[in-house]
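Numbering (the numbering used here), first residue to last: 588 to 1109.
Glycine included, each C-beta is placed from N, C-alpha and C at the ideal position.
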């Protein structure tokens, strides 16, 4: 019996551990106006304070909404929360809609993208200044690409089933070690996510205005596309940073990861130094290091722990170890009014469980670059049947289809146990469906979307048609988990909370930043 089978048997002996996954979703979406152009209005007042609303905020821009669900332990609750947040938000948008694609709608000028504003307090001004730095470093258009982030954790009972009874310190160490093993396997095999669920094979021509690319795009009216692409959002055109390519952040242990992250936030950048930090009394970025703050690190997956007040993400990890992981490689699903489906969540349940139960040897930089190369192949050419991927640094190759089927042989074993625990066949049904997609890539989300783009005559028309359909659907949907009163109470609470924070600001912004970044001098 191999190690995967042994570990699976351990957790399958207690089916309740397969019912206790912690899940949360963060969904981004641009506000648009007819006939598919970027909205030019600030964040709607009816949604409360973007700084303090627990469920509805903004990301980079005033027009870039971000919806955040609490952690829940069943998929039906998660999807109901997302539905309700979308319903309430759409009720406050008037004639505007929520763009259903990852790549931006038509943007006439970069200056139409308004940096997110969070108020007059020092923490709020720092959030906006961080975005000013992102704009000057990478350009605004890249920052309004939308995605879906999936936060996931295993329960204490899961770890007890896997490791047995442990002291608190032993559990913290073994749990962090297991999450990093998961992360390494995610880098090895996570290209399955853009293969199945990548949904950005095309983009509006306006996205590449004044930008050069070596990618061999084909043109359909004002749409640029690659015939076999899955997720241009994850390509060099999308949410990436060439400046970070020199960073060597390893995933063999929490200590190695934190050491690399600490180096990155302290390492000066000649390129970003040319921007300047404070020029003629006006701030341009938080600092001129490769990372202004830790959140600037672009990664398809992150180890996380809920931070205490005033605590930085790395400090939280150092204090308590890894508590959950954040999957960041999901495109917005254009065939869901909330950007993700329950079946996608079920696949992620299976894949992340498989990644933590499977063997996961340490990974050196050579191997990590090999896996990154595989991801690059899949996001640009993933629907090419027979596409070869490289196995480690030895140069051995295997077709995407062969490799995917091998993974699914073990995913299906987990699906059987998941369905036993839930009294259904839904996890096995997901495996059956996605098995078909492996051999028929036109069935993947990117394949389906390209069919729609060709039928509508472009990505903009497709996005607008889907967006208008979802605008009506979101308005018509009744509340399922929250109530209208609860949503309105959160709006009012968030406004009061922002005002209370602003009333407490008693130091200058210069002093606030100096205090915040004092740790860089340590």
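If one requires a minimum length of 4 residues, the alpha helix (DSSP H) runs lying completely within the segment 774 to 801 are 779 to 784, in chain order. Sixteen is the threshold: when 16 or more other Cβ atoms of the shown chains lie within 10 Å of the Cβ of residue 1004, as they do, the residue is buried. Taking a contact as a CB-CB distance under 8 Å, the pair residue 610 and residue 932 counts as one, their CB atoms being some 7 Å apart. Between the segment 700 to 709 and the segment 669 to 685, the count of C-beta pairs closer than 8 Å stays below three; the two stretches do not touch. Residue 834 and residue 654 have their C-alpha atoms roughly 31 Å apart. Per the Cβ contact rule, the segment 908 to 921 is not in contact with the segment 971 to 985 (fewer than 3 Cβ pairs under 8 Å).
In this chain, residue 936 is not harboured by any beta strand (DSSP E); it is covered by the alpha helix (DSSP H) spanning 929 to 944. By the CB criterion at 9 Å, residue 783 and residue 1053 fall outside the cutoff. Put simply, the backbone Cα of residue 904 is about 6 Å away from that of residue 892. Boundaries for residue 710: no beta strand (DSSP E) harbours it, while the alpha helix (DSSP H) harbouring it runs 709 to 725, taken from the DSSP string. By the Cβ neighbour-count rule, residue 841 is buried, with 16 or more other Cβ atoms within 10 Å of its own. When the alpha-carbon of residue 749 is set against those of 1074, 694 and 597, the nearest one is in 597. Here residue 911 has 609, 738, 739, 740 and 891 as same chain residues with Cβ atoms under 7 Å from its own Cβ, once five neighbours each way along the sequence are excluded. For the set 765, 1089 and 883, the Cα lying nearest the Cα of residue 909 is the one of 765. In this structure, residue 812 sits away from residue 711, with a CB-CB distance that is not shorter than 9 Å. Measuring C-alpha to C-alpha distances from residue 953 to each of 928, 1015 and 981 identifies 981 as the nearest. Secondary structure of residue 731 (DSSP, three-state): coil. Residue 624 carries a strand assignment under DSSP once its states are collapsed to helix, strand and coil. If you look at residue 653, you'll find it isn't in any alpha helix (DSSP H); it sits in the beta strand (DSSP E) that goes 651 to 655. Boundaries of the beta strand (DSSP E) around residue 812: 810 to 812. As the crow flies, the alpha-carbon of residue 807 is around 47 Å from that of residue 843. Beyond the five residues adjoining it in sequence on each side, residue 1009 comes within less than 8 Å, by CB distance, of 605 and 606 in the same chain, given in chain order. Nearest to residue 913 by C-alpha distance, out of 736, 1047, 667 and 624, is 736. Selection 1051, 715 and 971 evaluated against residue 869 yields 715 as nearest (Cα-Cα). For residue 1034, same chain residues with a beta-carbon under 7 Å away, outside a window of 5 residues either side, are 970 and 1028 in chain order. Cβ contact annotation for residue 1044 (same chain, cutoff 6 Å, sequence separation greater than five): 808, in chain order. Bounds of any beta strand (DSSP E) do not take in residue 705, whose DSSP letter is neither H nor E. Distance from the CA atom of residue 786 to the CA atom of residue 616, rounded to whole angstroms, is 14 Å. Cβ-Cβ separation between residue 972 and residue 988: approximately 7 Å, consistent with a contact (criterion under 8 Å). In this structure residue 887 is buried. Its beta-carbon is surrounded by 16 or more other beta-carbon atoms within 10 angstroms.
Counting along the chain, the unbroken alpha helix (DSSP H) around residue 1102 starts and ends at 1096 to 1103. Fully enclosed alpha helix (DSSP H) runs of no fewer than 4 residues occupy 841 to 853 and 857 to 860 of the segment 841 to 869, in order along the chain.
DSSP places residue 891 in the uninterrupted beta strand (DSSP E) bounded by 888 to 891.
In terms of Cβ geometry, residue 821 and residue 836 do not form a close pair [threshold 9 Å]. Rounded to the nearest whole angstrom, the CA to CA distance from residue 667 to residue 1068 is 6 Å. Taking C-alpha positions only, residue 1032 is separated from residue 1024 by approximately 9 Å.
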